[in-house]
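Trainee:
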Amino acid sequence: MRRRRHSQHQSGVSINLTPMIDMVFILLIFFIATTSFTKESGVEVNRPSAKTAVSKERSNTFIVVRANNEIWIDKRQVDIRTIRANVERIEAENPEGSVVIVADKDSKTGLVIEIMDQVRLAGVSDVSIAATPQQ
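In terms of my numbering, the sequence shown opens at residue 1 and continues consecutively.
Structural data, given as structure tokens:
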């Protein structure tokens, strides 16, 4: 009668990685679903502070006015004459969106008012001016 030799390299122990992979995917889906994304204007300005400043959740289009009165829309520098056309284009893409004007405290007030007029002429009624809450 022959005896079988068991090699010492064969082992009956194995690790099943399927439950661990399932948990990793569940955690990944959880983190993707619960993450909140904020859209930043991309241009640094010194915002004025206000006691009545509140955080606004759904602001889609940022118009930035820098201290040297440069105007930026969605990280592109634009001229005052093209604001209405740019806002109309953005409004056509996203009619639910709002416009936030982020003006430097050293920018000209008249320019900010002119920008607000151009935005309203473009058909956007939800226009806000960004400010930093006072402490």
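Using N, Cα and C, we set each Cβ at its ideal position, and we do this for glycine too.
Measure the Cβ-Cβ separation of valine 65 and alanine 103 and say whether it is below 8 Å.
Mentor: yes
Trainee: How close, in whole Å, do the beta carbons of isoleucine 101 and isoleucine 73 come, if the pair is a contact with beta carbons under 8 Å?
Mentor: Actually they are not in contact, since the Cβ atoms of isoleucine 101 and isoleucine 73 sit about 10 Å apart, beyond 8 Å.
Trainee: What does the alpha-carbon distance come out to for the pair leucine 136 and isoleucine 32?
Mentor: Lying before the first or after the last residue shown, residue 136 is absent from the chain, which here runs from 1 to 135.
Trainee: Does the Cβ of glutamate 91 have 16 or more other Cβ atoms within 10 Å, making it buried, or fewer, making it exposed?
Mentor: buried
Trainee: Between the alpha carbons of valine 24 and threonine 132, how many angstroms are there, rounded?
Mentor: 39 Å
Trainee: Using three-state DSSP, classify proline 133 as helix, strand or coil.
Mentor: strand
Trainee: My guess is that valine 119 and isoleucine 83 are in contact by the Cβ rule of under 8 Å, so how many angstroms apart are they, rounded?
Mentor: 7 Å
Trainee: Which class does alanine 33 belong to by DSSP, given the choice of helix, strand or coil?
Mentor: helix
Trainee: Determine the DSSP secondary structure at alanine 85, reduced to helix, strand or coil.
Mentor: In this structure, alanine 85 counts as helix in the three-state DSSP scheme.
Trainee: In this structure, what does DSSP give as the bridge partners for serine 128?
Mentor: Val100
Trainee: Can you have a look at asparagine 68 and say buried or exposed, based on whether 16 or more other CB atoms are within 10 angstroms of its CB?
Mentor: With fewer than 16 neighbouring CB atoms inside 10 Å of its own CB, asparagine 68 falls in the exposed class.
Trainee: Nearest-angstrom Cα distance between serine 98 and isoleucine 129?
Mentor: 11 Å
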